[in-house]
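Numbering (my numbering), first residue to last: 20 to 127.
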């Protein structure tokens with residue numbers, strides 16, 4: 020399976036995916052830490068891919084998503100954006116709504 024197929028498989032398997040540097044417990048970048056924290060505060064249940072532990076994904080994802088930096092948040096397989104966008108969505112309440120919509124669909 021090539022790296023783009025692996026990325027697609029992760030996105031297909033998990034409704035909310037955060038590609039970040041490190042993990043929520045041990046973030047290796049301030050932006051990744053802030054994005055994970057915003058998701059936690061919004062009550063989102065999400066899957067994490069540590070791009071530092073997977074150099075192929077780290078190299079391929081910016082081209083796959085057409086987004087140059089990390090973190091990258093995907094919901095239902097679509098790129099939402101990076102740290103600033105995630106934080107703005109949390110402040111507006113939109114991130115919690117999006118997370119609840121996904122949770123509702125997975126329990127239906």
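Note that the Cβ used here is the ideal one computed from N, Cα and C, for glycine as well.
One question on the structure: do residue i and residue j come within less than 8 Å of each other, judged by their Cβ atoms?
| i | j | result |
| --- | --- | --- |
| residue 22 | residue 79 | yes |
| residue 37 | residue 55 | yes |
| residue 39 | residue 70 | yes |
| residue 156 | residue 62 | A query on residue 156 cannot be resolved here, the shown segment of the chain reaching from 20 to 127 and no further. |
| residue 121 | residue 43 | no |
First and last residue of the alpha helix (DSSP H) that includes residue i?
| i | result |
| --- | --- |
| residue 68 | Run containing residue 68: none in the alpha helix (DSSP H); it sits in the beta strand (DSSP E), 66-69. |
| residue 44 | Per DSSP, residue 44 belongs to no alpha helix (DSSP H) and is neither H nor E. |
| residue 81 | 74-84 |
Quick one: what does DSSP say residue i is sitting in, helix, strand or coil?
| i | result |
| --- | --- |
| residue 50 | helix |
| residue 100 | strand |
| residue 20 | coil |
| residue 120 | helix |
| residue 55 | helix |
| residue 61 | coil |
How is the beta strand (DSSP E) around residue i delimited, first residue to last?
| i | result |
| --- | --- |
| residue 91 | 91-94 |
When DSSP builds the beta bridges, which residues end up paired with residue i?
| i | result |
| --- | --- |
| residue 36 | 66, 93 |
Spatial neighbours of residue i within its chain, please: CB distance less than 6 Å, with the 5 preceding and 5 following residues excluded, ordered by chain position.
| i | result |
| --- | --- |
| residue 26 | 83 |
| residue 58 | 65 |
Less than 8 Å between C-beta atoms, sequence neighbours within five positions excluded: which residues of the same chain meet that for residue i?
| i | result |
| --- | --- |
| residue 68 | 29, 36, 37, 38, 39, 76 |
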